[in-house]
Structure formats: structure tokens, C-alpha cells
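Here the structure is laid out as C-alpha cells; the discussion comes afterwards.
There are 2 protein chains.
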Amino acid sequence: MKITVLGTGIVGQTLAARLDALGHDVRLGTRDPAATLARAEPGPFGTPPVRDWAAAHPRVRLEPFAAAAAHGEVVLNALAGAATLAALDAAGADHLAGKILIDVSNPLDFSRGFPPSLTVCNTDSLGEQVQRRFPAARVVKALNTVNAQLMVDPGQLASGDHTMFVSGDDPEARRAVAGWLREWFGWRDVIELGDITTARGTEMYLALWVRMFGALGTPGFSVRVVR
Amino acid sequence: MKITVLGTGIVGQTLAARLDALGHDVRLGTRDPAATLARAEPGPFGTPPVRDWAAAHPRVRLEPFAAAAAHGEVVLNALAGAATLAALDAAGADHLAGKILIDVSNPLDFSRGFPPSLTVCNTDSLGEQVQRRFPAARVVKALNTVNAQLMVDPGQLASGDHTMFVSGDDPEARRAVAGWLREWFGWRDVIELGDITTARGTEMYLALWVRMFGALGTPGFSVRVVR
């Protein structure tokens, strides 16, 4: 399958590596590939330089947002929340129209340090902002409640016995994403929360996530919904 | 132990009944006991009339907020979020000073219908508002992430294999509450998140809770933090 991952941070690298390993035709979108590949220093949170990652994943081509988005039958937004709307603008509404856009981003605001607050919440969400800005895209919020390693390998924790959520206006798109989460990554318990306004729930859960990270001393945790 | 529960809704009724059954000396606080007992109609969400509950729990005296708060060595706030600050004002800062105040409330805003949004979130929380207003009280946020039945009987779900959170500035008070949650109700996995600002996390989790309620069709669920 032709899959585009937007964003070269740890989330983008991890998603693209896993999808590439599964044999998909993956492109990685960034603002300026030459500039991204020129950086030798680690990214935020110690993310390895993209050029090291790119050397280790020669099948995954790094392209500007628009070219990368044009390639994918499905597009994953793995950008930071603060960079998401501008990057999707650069990707271009025409390259997103009719496609499932899996939005993995969280509207984290680090301007006051750690733990972050959110740039949008309560009566709106980043998922809704993306859907409003790109009405022809089929936006599905997913994977934003765990760290990158758990996104692609839930089985590394509790034998995979924990829960992922999907939100989106298009029930068929939600179901497709739930299926891919199982098929690509091994998520066994996926709850379809409902329309894209339910992304408020998973994005606001980040406020608890960052505090659990603080209390537990590791980002390697998840929640199982018991019912 | 002398315990005060403020609020006669389903949460207050359920907490008071369980603590009474355990043999504690429980008083239930309300604005106007005579008026509360005069109501024959069910409360919000089908809560039984307080007079029926009171008849079934003769040891639990219904008192005005201030008298009830004066009684307890520990006070549980089981009021609706919107009613919390005014009711605690009526209870009186002097009757809360030095005591552990277990704040079970959530700042739910039903003014736009269901699902509710929050009246405060992101960079503040109701727990913090309570602590700022009553600086001599030892406020511990707890139990606000599950419905009333699960608060007092976590074992009814997944053999009790799910998680409760506590937040509060006073580490000794947090630890005491974690101990009571185990002893009174049987909570086996209690995570101390940290100071009262971590109540933002559990209160904002309600945005996910209400959406899960919608998707699962039952309030009888909880989360287990797997790590």
C-alpha cells in the first residue's frame, strides 16, 4: 500500500520504519528534505538525526510535504501539534481530498515548560481543526494516547492487552483505521469512540498521560479499558 | 472514624452508605436537610429521593453543611462540580482546616447538554480551586474517574484489577487517602500522581470518560494502567 507519513520526529520515524518493514511503499514528508538531512544534531527528546534514520531505511524516500502527500493512498500526520496545520497546508488540500488522514498529533503546548498544557481543548480539538480545514479529507484521530514505540508494538506491554481509541466522522474510515491498527501493529482492543469531536477525549487524556509519565517515571505505559 | 460526606446525590449516597456499612460514624451534609428530605421526586440521573435513602440508613444523620463538616475527621466532597465552592463556603473554612478533604467532584458543564464540557481545565482545575480557597485544608482529589458504584466496589469489575489516582499537595494526606481507598473500598492499584495540579489530569480524563460512556453504552467501566 502507498502510505505517507508526515513528520520526521520520533513518531514519524517509528511509524514509517514499521510500515516500511511490513513491505508498504512509504514516503516521509518534511518541509525541506535537504535541510532535514543536513542536520547532524539530535532532534527534540533525543530523536536521532533524520540522516541516520534515512541511511538505515533506504527504501523510504524523504520528500517535501506536497510530494509526499500526493504519493499516499493513506496519510498519517505524525507532526507536532503546533506544526500540524501549517504542514497540512503545505501538503495541500488536493493531496488529502478523499483520503483517510490518520491524525496522530496532540496539541501540546510546551511554552510554559513541562508538563505541557494544550493549545486547544474542552470545546474543540486539533482533530476537529484538521477536519474543518480539510473537509474533503477523512480524518481519523488515532494512536495519540501512547508513545511511539507502543503505537507500532503494543505487544511489548502486557502482551498487548491494552486499548487504543479511534475518532472520526466517517464510520467507514474509522473501521478501516481500526483494521489497520490490528493488521499493521497488532492492536487487539480498539474502541471506536464516535465522530471527530470525540478526539477531545483522547487529546485531553494527554493531561493525565503527562502526569502519569511524571509519577511512573517512564513513557512506556498504556491503559486498558476494563468493562 | 468520624466521616462527613457532603452532597446527597448518587455519589454522596453511595459513599455514605458504604462508609456507614463499614461501621464509621457518618454524617451527610446538605444545604437544607428539611427541604432535601421533603423532596419526593428522584434527583438528577434518576437518583432515588434522599428521604428513601435516609429511611434505609437511619444511623447516617443529615445535617446542614456546616454542622456536618464540623463532625468529620475527614470530609468527602461528593457535590456536583458547579455546586462545590459554594457548598464548601457554607461548610466553613474553620470546619475544614487541618482536615483531609477528599474531593470527588468533577467540573462538568451540562449547559450545552450531553456530553458535558468542563467549566475549568488545562491550566487550572477544580481541585486547585478548592485548595486555593481553603488553604488550611489538605485537599486530595480522588475517586472522580469512575462512577459511584465502582468508587466503593472496584471488585465488581475485572476482579478489581483497575486503577485509581490520587492528587494532593500534602504527601502524607495523599498516602492516607490511598490507604483508605484500599481499606474502605478495596482499591488495589492506586497511583499517587503528585501535587494538586495533577488533578487537571484526572478531571480532563472526564472528557474521554464521557465519550467512552457514549461508545460503550454503560458507565460501568474503568481503566487499568498497564506498565
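Keeping their order, the protein sequence lines are chains A and B. Quick note on numbering: the first sequence equals residues 0 to 226 in numbering that gives the first Met the number 0. Quick note on numbering: the second sequence equals residues 0 to 226 in numbering that gives the first Met the number 0. The beta carbon of each residue, even a glycine, is placed where N, CA and C say it ideally should be. Bear in mind that the values here come from a model prediction, so they are computed numbers and not experimental data.
Under 9 Å between C-beta atoms, does residue i make it to chain A?
| i | result |
| --- | --- |
| W186/B | no |
| D24/B | no |
| E191/B | yes |
| M269/B | Because chain B spans 0 through 226 in this model, residue 269/B falls outside it and cannot be assessed. |
| D93/B | no |
| V245/B | No answer is possible for residue 245/B: it lies beyond the span of chain B, which begins at 0 and ends at 226. |
| N121/B | yes |
| L215/B | yes |
| T29/B | no |
| V224/B | yes |
| L117/B | yes |
| W183/B | no |
Out of the options, which one is the CA nearest neighbour of residue i?
| i | options | result |
| --- | --- | --- |
| P115/A | P48/A, L205/A, M150/A, E127/A | L205/A |
| R137/B | L95/B, G11/B, A68/B, G159/B | L95/B |
| V139/B | V225/B, V59/B, G185/B, G193/B | G193/B |
| D102/A | A37/A, E72/A, E171/A, Q130/A | Q130/A |
| L180/B | V165/B, H23/B, D169/B, P41/B | V165/B |
| A92/A | V176/A, P134/A, A79/A, T122/A | P134/A |
| H23/A | Q155/A, D123/A, H56/A, Q128/A | H56/A |
| D108/B | V209/B, T144/B, V225/B | V209/B |
| G80/A | F212/A, V49/A, R187/A, G6/A | G6/A |
| L207/B | G216/A, A90/A, S104/A, N121/A | N121/A |
| R58/B | G45/B, V25/B, A69/B | V25/B |
| D88/A | A67/A, T35/A, V225/A | A67/A |
| W52/B | V73/B, Q12/B, M163/B, N105/B | Q12/B |
| N146/B | P170/B, T35/B, M211/B | M211/B |
| T217/B | Q148/B, R187/B, A177/B | Q148/B |
| F64/B | I2/B, A20/B, L21/B, R38/B | I2/B |
| M163/A | M203/A, G213/A, G185/A, E171/A | G185/A |
Using the three-state DSSP reduction, which class does residue i fall into: helix, strand or coil?
| i | result |
| --- | --- |
| D24/B | strand |
| V165/A | strand |
| E127/B | helix |
| L18/B | helix |
| S227/A | A question about residue 227/A goes unanswered here, because the residues of chain A that appear run from 0 up to 226. |
| V209/B | helix |
| V59/A | coil |
| D108/B | strand |
| R137/A | strand |
| D302/A | Residue 302/A lies beyond the residue range present for chain A, which begins at 0 and ends at 226; the question has no answer from this structure. |
| L5/B | strand |
| G199/B | It is Arg, not Gly, that sits at residue 199/B in the sequence shown. Correct three-state label for R199/B: helix. |
| R30/A | coil |
| L87/A | helix |
| R132/B | helix |
| V151/A | helix |
Measure the C-alpha to C-alpha separation of residue i and residue j and round it to an integer number of angstroms.
| i | j | result |
| --- | --- | --- |
| G97/A | R173/A | 14 Å |
| A33/A | P43/A | 19 Å |
| A77/A | G200/B | 23 Å |
| R30/B | E62/B | 8 Å |
| L84/A | G126/A | 10 Å |
| V10/B | A86/A | 46 Å |
| G8/A | R17/A | 14 Å |
| N143/B | A198/B | 10 Å |
| M0/B | L75/B | 13 Å |
| A90/B | I190/B | 29 Å |
| G219/A | G28/B | 42 Å |
| D152/A | G112/B | 38 Å |
| G167/A | N105/A | 15 Å |
| V4/B | G45/A | 48 Å |
How would you write the range of the beta strand (DSSP E) that residue i sits in, first residue to last?
| i | result |
| --- | --- |
| V189/B | 188 to 193 |
| L75/A | 73 to 76 |
The ligand FMN heavy atoms versus the CB of residue i: any closer than 8 Å?
| i | result |
| --- | --- |
| E40/B | As presented, the structure is devoid of all ligands, the ligand FMN included, so that no description of it is given. |
Determine whether the Cβ of residue i lies closer than 9 Å to any Cβ atom of chain B.
| i | result |
| --- | --- |
| F220/A | yes |
| F164/A | yes |
| M203/A | yes |
| R174/A | no |
| A177/A | no |
| A157/A | yes |
Between residue i and chain C, is there a C-beta pair that is closer than 9 Å?
| i | result |
| --- | --- |
| D160/B | Structure shown: chain C not included; protein chains present are A and B. |
Ends of the alpha helix (DSSP H) at residue i?
| i | result |
| --- | --- |
| R173/A | 170 to 179 |
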